[in-house]
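Just so you know, the working numbering puts 71 at position 51 of the sequence shown, and the rest follows in order with no gaps. First comes the structure, then the notes that go with it.
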Amino acid sequence: MGTIFLVRHGQAAFGTDDYDRLTPTGFQQSRLLGQHLAARGIAVDAVITGTLRRQVETAEAILEGIGAAQPRPDPVIERKAGLNEYDPRALVFALTGAHPPDDERAERRDPEVVRSHFRLLREALLAWAEGRTSPAGMPDWAGFQSAAEDAIVWSRERFPEGNVLVVSSGGPIAAIVCAALLAPPKTAVELNLRIRNTALTEFATNARRHHLVSFNAIPHLEQSGEAGLATYA
Numbered sequence: 021m022g023t024i025f026l027v028r029h030g031q032a033a034f035g036t037d038d039y040d041r042l043t044p045t046g047f048q049q050s051r052l053l054g055q056h057l058a059a060r061g062i063a064v065d066a067v068i069t070g071t072l073r074r075q076v077e078t079a080e081a082i083l084e085g086i087g088a089a090q091p092r093p094d095p096v097i098e099r100k101a102g103l104n105e106y107d108p109r110a111l112v113f114a115l116t117g118a119h120p121p122d123d124e125r126a127e128r129r130d131p132e133v134v135r136s137h138f139r140l141l142r143e144a145l146l147a148w149a150e151g152r153t154s155p156a157g158m159p160d161w162a163g164f165q166s167a168a169e170d171a172i173v174w175s176r177e178r179f180p181e182g183n184v185l186v187v188s189s190g191g192p193i194a195a196i197v198c199a200a201l202l203a204p205p206k207t208a209v210e211l212n213l214r215i216r217n218t219a220l221t222e223f224a225t226n227a228r229r230h231h232l233v234s235f236n237a238i239p240h241l242e243q244s245g246e247a248g249l250a251t252y253a
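In structure tokens, the structure reads:
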């Protein structure tokens, strides 16, 4: 049996002009996860990410954390676009016909603005998942879910008895988990909005199947003793 460690990227720069990069907290979360994996004696045979900067930076910081505690041979590195996140602005535009104005960016860490953003995003995600909208430049929900799941199938077929680290985002992770559980799209929307940064979801694998073992765990952050490391955006 092998194991796929499916990880959401570390905290990214939400509310800035360039969301697609890790914050200092995001790098810290990722290194702590690497140290946690090393402490469990886990050698990573392959690392699969999407093509987004925040995903790649997370994987690199996890490997840094592993290497600092337990040096290993370099793993196989792959990029799979199916692990990339959906486009939230396209989702909201498809639902409302309007984009949030750019001048709101500076206010997006305000708690009420954040709550309002995620309420609207949830409605837009559900409309897309249920086939009520067709966001520009995006596949339908079934295509999005299939592309994300293909990365997991590739991982288990290539490394059926290995340890594969897969770094993605909340949307693809929720889609992968729901596919494994045969759950409806609405469940994926609810799971998506609850996945924490660098949360660990594990699958036991062989060449033919993968089975969910755990979801959205953050032992590396809980054990750190530092407040404020559990984040959602």
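For glycine and all other residues, C-beta sits at the position ideal for the given N, C-alpha and C.
For GLU127, which residues in the same chain have their Cβ closer than 7 Å to its Cβ, ignoring the five residues on either side in sequence?
Residue confidence is low: GLU127 scores 48 on pLDDT, short of 50, so the model does not pin down where it sits. No coordinate-derived value is stated.
Considering only the alpha carbon of each residue, which of ARG99, TYR106, PRO108, ALA63 lies closest to GLY87?
The shortest Cα separation from GLY87 among ARG99, TYR106, PRO108, ALA63 belongs to ALA63.
Could you tell me whether the Cβ atoms of GLN31 and ASN217 are closer together than 8 Å?
Contact flag set, yes.
Answer yes or no: do SER175 and ILE24 have a C-beta to C-beta separation smaller than 8 Å?
A contact, by the Cβ cut-off of 8 Å.
My understanding is that LEU145 touches LEU111, with C-beta atoms under 8 Å, so please give their C-beta distance in whole angstroms.
Their Cβ separation, rounded to whole angstroms, is 6 Å, which keeps LEU145 and LEU111 in contact under 8 Å.
If contacts are defined as beta-carbon pairs under 8 Å, then ALA247 and VAL233 qualify, I think. What distance do you get, rounded to the angstrom?
With 8 Å as the limit, ALA247 and VAL233 do not qualify as a contact, their Cβ atoms being about 28 Å apart.
Please identify the residue among PRO159, ALA219, SER244, ALA149 whose C-alpha is closest to the C-alpha of CYS198.
Per the Cα distances, ALA149.
Roughly how far, in whole angstroms, is the beta-carbon of PRO183 from the beta-carbon of ASP65, given that I think they are within contact range, below 8 Å?
Per the sequence shown, the amino acid found at residue 183 is Asn instead of Pro. With 8 Å as the limit, ASN183 and ASP65 qualify as a contact, their Cβ atoms being about 5 Å apart.
Please classify GLY22 as buried or exposed, where buried requires at least 16 neighbouring CB atoms within 10 angstroms.
Under this definition GLY22 is a buried residue.
Which of the three DSSP states is assigned to VAL27 in this structure?
Strand at VAL27.
Measuring CB to CB, does ALA219 end up less than 8 Å from ALA237?
Yes, the pair counts as a contact, with Cβ atoms nearer than the cut-off.
Ordered along the chain, which non-local residues of its own chain (more than five positions away) have a Cβ less than 6 Å from that of ILE196?
ALA168, GLU169, ILE172.
Nearest by alpha-carbon distance to ALA227: which of GLY85, GLU143, GLU177 is it?
The candidate whose alpha carbon is nearest that of ALA227 is GLU177.
Can you give the Cα-Cα distance for LEU249 and THR45, rounded to whole angstroms?
Cα to Cα, LEU249 sits roughly 7 Å from THR45.
For ALA224, name the three-state secondary structure that DSSP assigns.
Three-state DSSP puts ALA224 in a strand.
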